[in-house]
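Q: My structure is below; once you've seen it, I'll send some questions.
2 protein chains.
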Amino acid sequence: MPNISDVARRAGVSTATVSRFLRGQHVRAADAIRQAVEDLAYRPAAAARSLRSGIHYAIAVVVPDVTNPFFAGLVKGIESVCRSGPYNVFLVNTDESVDLEDSVVADIMHRVDGIILAPATEQDKTPARIKQAGIPVVFADRELPGERFDSVLVDNAGGARAAAVYLAGLGHTRIATISGPLNTTPGRERHEGFVTGAEDLGIALPDEYIQIADFREAGGYQAMLRLLALPEPPTAVFCANNLMTVGALKALYSMRVRVPQDLSIVGFDDLDLASLLWPPLTVIDRPTVEQGVLAARLLLARLAGHGSPEPQRVVLSTRLIERASCTAPPAGRAGQGR
Amino acid sequence: MPNISDVARRAGVSTATVSRFLRGQHVRAADAIRQAVEDLAYRPAAAARSLRSGIHYAIAVVVPDVTNPFFAGLVKGIESVCRSGPYNVFLVNTDESVDLEDSVVADIMHRVDGIILAPATEQDKTPARIKQAGIPVVFADRELPGERFDSVLVDNAGGARAAAVYLAGLGHTRIATISGPLNTTPGRERHEGFVTGAEDLGIALPDEYIQIADFREAGGYQAMLRLLALPEPPTAVFCANNLMTVGALKALYSMRVRVPQDLSIVGFDDLDLASLLWPPLTVIDRPTVEQGVLAARLLLARLAGHGSPEPQRVVLSTRLIERASCTAPPAGRAGQGR
DNA sequence: GTGAAAGCGCTAACAT
DNA sequence: ATGTTAGCGCTTTCAC
Chain S
1 MPNISDVARR AGVSTATVSR FLRGQHVRAA DAIRQAVEDL AYRPAAAARS LRSGIHYAIA
61 VVVPDVTNPF FAGLVKGIES VCRSGPYNVF LVNTDESVDL EDSVVADIMH RVDGIILAPA
121 TEQDKTPARI KQAGIPVVFA DRELPGERFD SVLVDNAGGA RAAAVYLAGL GHTRIATISG
181 PLNTTPGRER HEGFVTGAED LGIALPDEYI QIADFREAGG YQAMLRLLAL PEPPTAVFCA
241 NNLMTVGALK ALYSMRVRVP QDLSIVGFDD LDLASLLWPP LTVIDRPTVE QGVLAARLLL
301 ARLAGHGSPE PQRVVLSTRL IERASCTAPP AGRAGQGR
Chain A
339 MPNISDVARR AGVSTATVSR FLRGQHVRAA DAIRQAVEDL AYRPAAAARS LRSGIHYAIA
399 VVVPDVTNPF FAGLVKGIES VCRSGPYNVF LVNTDESVDL EDSVVADIMH RVDGIILAPA
459 TEQDKTPARI KQAGIPVVFA DRELPGERFD SVLVDNAGGA RAAAVYLAGL GHTRIATISG
519 PLNTTPGRER HEGFVTGAED LGIALPDEYI QIADFREAGG YQAMLRLLAL PEPPTAVFCA
579 NNLMTVGALK ALYSMRVRVP QDLSIVGFDD LDLASLLWPP LTVIDRPTVE QGVLAARLLL
639 ARLAGHGSPE PQRVVLSTRL IERASCTAPP AGRAGQGR
């Protein structure tokens with residue numbers, strides 16, 4: 001592997017001149033250097049450059065689950081913005097584990113110039129870490145109480161409330177929720193939005209209609225099974241994220257429960273295949289790619305020093321996509337829950 | 339940010355001793371050093387370490403499309419293996435672009451110790467790059483002609499052939515394929531496997547039944563539309579990957595074509611939601627997570643110097659999962675294609 | 001606009 | 001088992 005001295009020698013200049021040329025400054029021997037770089041297939045050693053300058057030309061995107069289509073969309077948005085800039089984008093998966101997130105972030109902190117983070121939980125020690133390292137961070141989708149950081153969020157509470165209103169409007173009173181972990185921003189906000197939304201309409205959710213799961217498919221599956229095993233099962237269920245919705249649908253399918261005749265279901269987060277399912281799934285949708293775009297812009301602005309001093313907090317709104325997984329409660333059961 | 343000298347001073351030892359301690363060697367002042375590290379919240383600067391030792395403690399996984407559930411599974415397998423080791427896993431997306439892949443790989447080559455690569459095409463200059471850098475690479479899913487590398491593949495041809503046999507066995511003769519790019523390993527192998535599989539059964543695919551798309555959802559959608567617009571549309575279609583299958587299904591749905599009554603469809607690659615679709619989708623499945631596990635093991639073995647000198651080439655087999663998207667051709671049309 | 005030289009933080013010889 | 005020292009490849013004063 002050639003180094004900068006090899007290039008300098010071949011081009012008949014000093015290493016300083018080569019370095020300047022590489023950084024885009026105007027130098028007399030530009031052509032000769034370009035030629036030497038090409039002949040030797042020279043690429044600057046990233047480690048040496050970082051060590052000396054403190055700049056890594058890379059950012060990290062840390063997400064709990066790359067498998068989740070929502071994060072895939074987020075990443076897509078981030079990359080579309082970063083593609084044109086000088087920053088490499090590294091994706092890091094934490095598998096919804098706080099410990100893994102912590103150790104992984106501690107490691108990459110020294111390898112990147114900024115981080116876009118969707119933290120595993122709200123009891124996260126990670127941000128303290130990052131703050132100490134002094135590199136900019138943008139929170140995506142999830143937020144931390146207390147500390148103020150740049151963040152791009154969605155109106156979780158509003159979206160969940162809309163789901164409650166919609167279900168109530170259809171005539172349901174026996175409404176259940178399969179919520180995410182209450183120590184995550186989306187888990188807590190969607191849960192509260194849905195429950196208070198229902199309460200405001202005079203519908204109280206009994207304890208057994210409140211299932212707290214883990215944002216994963218298996219969790220949604222189990223939760224739905226528990227709901228179905230109840231002496232008086234609900235007539236409508238809200239699932240707080242896409243993966244749990246899939247799990248719930250599988251449970252329904254395996255128990256031969258018909259949707260929406262026997263049970264109505266609304267999910268938070270659209271699914272690419274939602275329209276192809278039977279029945280087509282009614283969901284609360286949000287702009288995932290745009291969320292990534294905005295997060296990336298925020299981070300890039302910080303890195304460029306353009307950012308305003310105070311943390312920015314962007315909240316995107318959701319919308320209900322009505323398809324066919326909800327209808328009025330079954331005749332024999334309507335209103336029975338009151 | 340504290341450095342190793344700060345720690346050494348505080349613990350009353352030399353930097354060399356601290357360095358040894360950090361690398362796990364037995365030192366007398368272990369307790370004092372541990373304490374100093376903790377007090378200062380010291381973390382070694384990755385750049386300095388890499389520069390000096392040439393080791394990055396990181397590997398990169400380069401894939402064409404993180405959005406594709408197949409790659410998500412692959413990544414899951416890779417991470418499960420690497421979790422316990424000293425290597426960070428960075429995921430890099432190339433958006434199915436050769437140019438992007440090339441520039442991205444050129445960049446990360448100097449930041450990681452090894453690469454697991456699913457190359458965008460077979461005309462790739464990337465491997466030459468990597469070879470020059472001298473770091474180990476394992477090919478996943480896709481392969482390059484000529485050069486021999488470690489690789490973990492699936493029996494694309496066999497799987498596609500099985501699809502042809504299955505469709506023919508149902509009585510179809512007007513069989514079409516929506517294939518992927520023929521300059522990618524899976525694109526070419528699945529295409530040839532399907533076409534020759536059909537030929538061996540005495541069924542020739544007319545040109546207009548051969549649609550070459552791009553492994554993306556939109557491509558599958560367009561291809562299916564073209565097929566449906568034919569004067570004599572096929573009675574059965576094979577889709578060479580999951581994303582194109584989704585696109586094709588959407589096209590069918592929008593044109594009100596009933597599956598499988600009007601048209602049978604088999605996809606390559608299972609979909610998490612395949613069983614929930616209407617009708618449940620029949621597919622050629624393959625072990626995606628296992629593919630990642632094996633690729634990671636191969637790479638780790640190379641990094642540890644354990645690998646056998648010759649490149650390993652692992653080929654996993656596929657299996658047909660029969661659900662309900664295929665049936666015999668419509669009565670009025672059967673055999674008409676001959 | 002250019003070159004000489006120092007030094008980023010760490011690890012690996014080498015010596016003890 | 002430990003300390004001393006050189007130097008990885010680059011960028012950045014500083015002097016010209």
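Chains S and A are the protein sequences, given in the same order.
For what it's worth, the numbering used here labels the leading residue of the first sequence as 1, then goes sequentially.
For what it's worth, the numbering used here labels the leading residue of the second sequence as 339, then goes sequentially.
C-beta atoms are modelled at their ideal positions from N, C-alpha and C, and glycine is treated no differently.
Since the structure is predicted, the reported quantities are computational estimates derived from the model, not experimental observations.
#1: Roughly how many angstroms lie between the CA atoms of Cys326(S) and Thr67(S), to the nearest whole one?
#2: Just confirm the distance between the C-beta atoms of Ile550(A) and Leu587(A), as a whole number of angstroms; I'd bet it's less than 8 Å.
#3: What are the residues in the region 83-94 of chain S lying within 9 Å of chain A by C-beta distance?
#4: Suppose contacts are defined by Cβ-Cβ distances below 9 Å. Is Gly452(A) in contact with Val419(A) by that definition?
#5: Please report the residue range of the beta strand (DSSP E) in which Arg148(S) lies.
#6: So that I know if they touch, is there some Cβ in chain S lying closer than 9 Å to that of Pro625(A)?
#7: Nearest CA to the CA of Val112(S): which residue from Val61(S), His26(S), Arg256(S) and Leu100(S)?
#8: Please name the residues in the region 384-401 of chain A whose beta-carbon is closer than 7 Å to at least one beta-carbon of chain S, in chain order.
#9: Could I get the ranges of all uninterrupted beta strand (DSSP E) runs contained in the region 168-193 of chain S, with 3 residues as the minimum, in chain order?
#10: Secondary structure at Cys420(A), three-state DSSP: helix, strand or coil?
#11: Could you tell me how far apart the beta carbons of Gly496(A) and Ala578(A) are, in whole angstroms, since I believe they sit closer than 8 Å?
#12: Would you tell me roughly how many angstroms separate the C-alpha atoms of Glu530(A) and His172(S), rounded to the nearest one?
#13: With 16 other CB atoms within 10 Å as the buried threshold, where does Val256(S) fall?
#14: Cβ of Val92(S) within 9 Å of Cβ of Val427(A)?
#15: In whole angstroms, give me the CA-to-CA distance for Gln25(S) and Asn3(S).
#16: Among Arg528(A), Ala574(A) and Leu590(A), whose alpha-carbon lies nearest the alpha-carbon of Asp607(A)?
#17: For Gly411(A), would you say it is in contact with chain S, using Cβ-to-Cβ distances shorter than 9 Å as the test?
#18: Looking at chain S, which residues of the region 429-462 of chain A have a Cβ within less than 9 Å of any of its Cβ atoms?
#19: Quick one: residues in its chain with C-beta nearer than 6 Å to the C-beta of Val575(A), no 5 flanking neighbours on either side, listed in chain order?
#20: Residues of chain S with CB under 8 Å from Ala471(A), in chain order?
#21: What distance in whole Å lies between the Cβ atoms of Glu143(S) and Ala120(S), which are believed to be in contact at a cut-off of 8 Å?
#22: Does Thr67(S) come within less than 9 Å of chain A when only Cβ atoms are used?
#23: Would you say Glu290(S) faces chain A, with C-beta separation under 9 Å as the test?
#24: What residues in its chain sit with their C-beta under 7 Å from that of Val75(S), if we drop five residues either side in the sequence?
#25: When DSSP builds the beta bridges, which residues end up paired with Thr282(S)?
#26: Going by other Cβ atoms of all chains shown within 10 Å of its Cβ, with 16 needed for buried, is Arg624(A) buried or exposed?
#27: Residue range of the alpha helix (DSSP H) that Gln25(S) falls in?
#28: So what does Val396(A) bridge to, in DSSP terms?
#29: Counting only runs that start and end within the region 432-484 of chain A, where is the beta strand (DSSP E) found for 3 or more residues in a row?
A: Looking at the coordinates:
#1: 27 Å
#2: So it is not a contact: roughly 19 Å between Cβ atoms.
#3: Arg83, Asn88, Val89, Phe90, Leu91, Val92 and Asn93
#4: no
#5: No beta strand (DSSP E) holds Arg148(S); DSSP gives it neither H nor E.
#6: no
#7: Val61(S)
#8: Ala384, Ala385, Ala386, Ser388 and Leu389
#9: 175-179
#10: helix
#11: Going by Cβ atoms, the distance from Gly496(A) to Ala578(A) rounds to 14 Å, so no, they are not a contact pair.
#12: 54 Å
#13: Here the sequence assigns Arg to residue 256(S), which means Val is not the residue at that position. It is exposed - the Cβ of Arg256(S) has fewer than 16 other Cβ atoms within 10 Å.
#14: yes
#15: 19 Å
#16: Arg528(A)
#17: yes
#18: Leu429, Val430, Asn431, Asp433, Leu438, Val442, Ala444, Asp445, Ile446, Met447, His448 and Arg449
#19: Ala514 and Ile603
#20: Met1
#21: Rounded, the Cβ-Cβ distance is 13 Å, inconsistent with contact.
#22: yes
#23: no
#24: Val61, Leu91 and Gly292
#25: Val266(S)
#26: buried
#27: Note, Gln25(S): premise wrong, no alpha helix (DSSP H); not H, not E.
#28: Checking the sequence, you will find Ala at residue 396(A) rather than Val. Its beta-bridge partners are Asn426(A).
#29: 452-455 and 475-478
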